[in-house]
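Visitor: Under this note's numbering, the first residue of the sequence shown is numbered 1, with each subsequent residue one higher.
Don't be surprised by glycine CBs; every beta carbon is placed ideally from N, CA and C.
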Amino acid sequence: MKKFEYKDKKDTRSGFGAGLYELGKNNDNVVALCADLIGSLKMNQFADEFPERFYQCGIAEANMIGTAAGLTIGGKIPFTGTFANFATGRVYDQIRQSVAYSGKNVKICASHAGITLGEDGATHQIMEDIGLMKMLPGMVVINPCDYNQTKAATIAIADYEGPVYLRFGRPKVPNFTPEDQNFEIGKSILLSEGTDVSIFATGHLVWKAIEAAEILEQNGISSEIINIHTIKPLDEEAVLKSVSKTKAVVTAEEHMMNGGLGDSIAQLLSRKLPTPMEMVAVNDKFGESGKPEELLIKYGIDTENIVTAVKEVLKRK
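(1) Tell me the residue span of the alpha helix (DSSP H) that contains residue 61.
(2) Which same chain residues end up closer than 7 Å to residue 96 when comparing Cβ atoms and leaving out the 5 residues on each side of it in sequence?
(3) Buried or exposed: where does residue 60 fall if 16 or more other Cβ atoms within 10 Å of its Cβ makes it buried?
(4) Should residue 158 and residue 31 be called a contact, given that it needs their Cβ atoms to be closer than 7 Å?
(5) Less than 6 Å between C-beta atoms, sequence neighbours within five positions excluded: which residues of the same chain meet that for residue 205?
(6) Whole angstroms are fine: how far does the CA of residue 224 sit from the CA of residue 271?
(7) Does the distance from the C-beta atom of residue 287 to that of residue 130 stay below 7 Å?
(8) How should residue 28 be labelled, buried or exposed, when 16 other C-beta atoms within 10 angstroms of its C-beta is the threshold for buried?
(9) Is DSSP giving residue 292 helix, strand or coil here?
(10) Could you give the uninterrupted runs of the beta strand (DSSP E) lying entirely in the segment 179-255, keeping only those of 3 residues or more?
(11) So, are the CB atoms of residue 145 and residue 219 less than 7 Å apart?
(12) Tell me whether residue 51 is buried or exposed, calling it buried when 16 or more other Cβ atoms sit within 10 Å of its Cβ.
(13) Tell me the DSSP secondary structure of residue 56 in three-state form.
(14) According to DSSP, simplified to helix, strand and coil, what is residue 108?
(15) Of the residues 266, 222, 215, 256, which one's Cα is nearest the Cα of residue 240?
(16) Taking residue 242 as the reference, which of 257, 232, 222, 258 has the closest Cα?
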């Protein structure tokens, strides 16, 4: 398989902050709103450089979403920033009514997603957010894998007309995708070709999938790795092309099994190409306080779990 290397580890939330600042310099219609978490969302540089286009909404997320929806009427492109739990679960009604149903051009940008939020515990570790957002008609759902891809995605969604949910995280993870990449909404990225199994991964688990594929290669198993950074709209053509070749599927995500990436791919395959499949995801549990890497292991979504899932699915091939 193709060998992957990285020079450093960076948090994807910093990729968002860097992308937002770039947008601020190049697009006067971009405005930013934050729910009292400027530092956590890395929105400092935008707020400092463009104070007339930055709105501190305080701990009032529902009001922030309503304000953002209103700003679009005047042609502004609002980027809202808070933790994923507060960006989705706390304000679902406002997102549904004022943004999705109304078709407003709001970019809902959510940090500290999944279980790798770590020590803040279950009340903050939302693992249902992808499901909540992808069920809303017209909502685009994006979950990039590293700093560079998050920055590129942040810049790209400003050109997309319509509501977007952009999900990223707190921990520092390998930054391995190209700095100058062209981010295409709805187009997956084939990272490495393989013949025995298709591994579809998203977000922080893309690097875990790469690690797993390296281990599997040592056991004579050839894995095709696909980075699904856009969960909705799903790149159905790429999924079906890969699965038609390998005839075995594993999905990997830092999200609940119900409603996540695996759920979307299973729906597609059940309709068009029934295939043996395993899902590496959190199985109907809330999180808890702990170190990110320890939580990934405890909740069954680390590198070794992907390796095990591949071996299991190959038995059913």
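Guide: With the given structure in hand:
(1) The count along the sequence shown starts at 1 and reaches residue 61 at position 61. For residue 61, the enclosing alpha helix (DSSP H) starts and ends at 61-73.
(2) To locate residue 96, count along the sequence shown from 1; it is residue 96. So the list reads 136, once near-sequence residues are dropped.
(3) By one-based count along the sequence shown, residue 60 stands at place 60. Exposed is the call here.
(4) Locating residue 158 in the sequence shown gives position 158, where the first residue counts as 1. Locating residue 31 in the sequence shown gives position 31, where the first residue counts as 1. Their beta carbons are not under 7 Å apart, which means residue 158 does not touch residue 31 by this criterion.
(5) As a first step, residue 205 is located in the sequence shown; it is residue number 205 there, counting from the start. Correct list, in chain order: 252, 253, 254.
(6) The residue labelled residue 271 in the question sits at position 271 within the sequence shown. The residue labelled residue 224 in the question sits at position 224 within the sequence shown. The straight-line gap from Cα to Cα measures roughly 22 Å.
(7) Position 287 of the sequence shown holds residue 287. Position 130 of the sequence shown holds residue 130. Contact: no.
(8) Position 28 of the sequence shown, counting from 1, holds the residue named residue 28. Residue 28 should be labelled exposed.
(9) In the sequence shown, the residue the question calls residue 292 occupies position 292. It is helical.
(10) Fully enclosed beta strand (DSSP E) runs of 3 or longer: 189-192, 197-201, 223-227, 230-232.
(11) Taking the sequence shown and counting its residues from 1, one reaches residue 145 at position 145. Taking the sequence shown and counting its residues from 1, one reaches residue 219 at position 219. No. Outside cutoff.
(12) Along the sequence shown, one-based indexing puts residue 51 at 51. Label assigned to residue 51: exposed.
(13) Reading the sequence shown from its first residue, position 56 is the one you call residue 56. Secondary structure of residue 56 (DSSP, three-state): strand.
(14) The residue labelled residue 108 in the question sits at position 108 within the sequence shown. Note: residue 108 maps to strand in three-state DSSP.
(15) In the sequence shown, counting from the first residue as 1, residue 240 sits at position 240. Closest by alpha carbon: 266.
(16) Taking the sequence shown and counting its residues from 1, the one referred to as residue 242 is at position 242. When only C-alpha atoms are compared, the closest one is 222.
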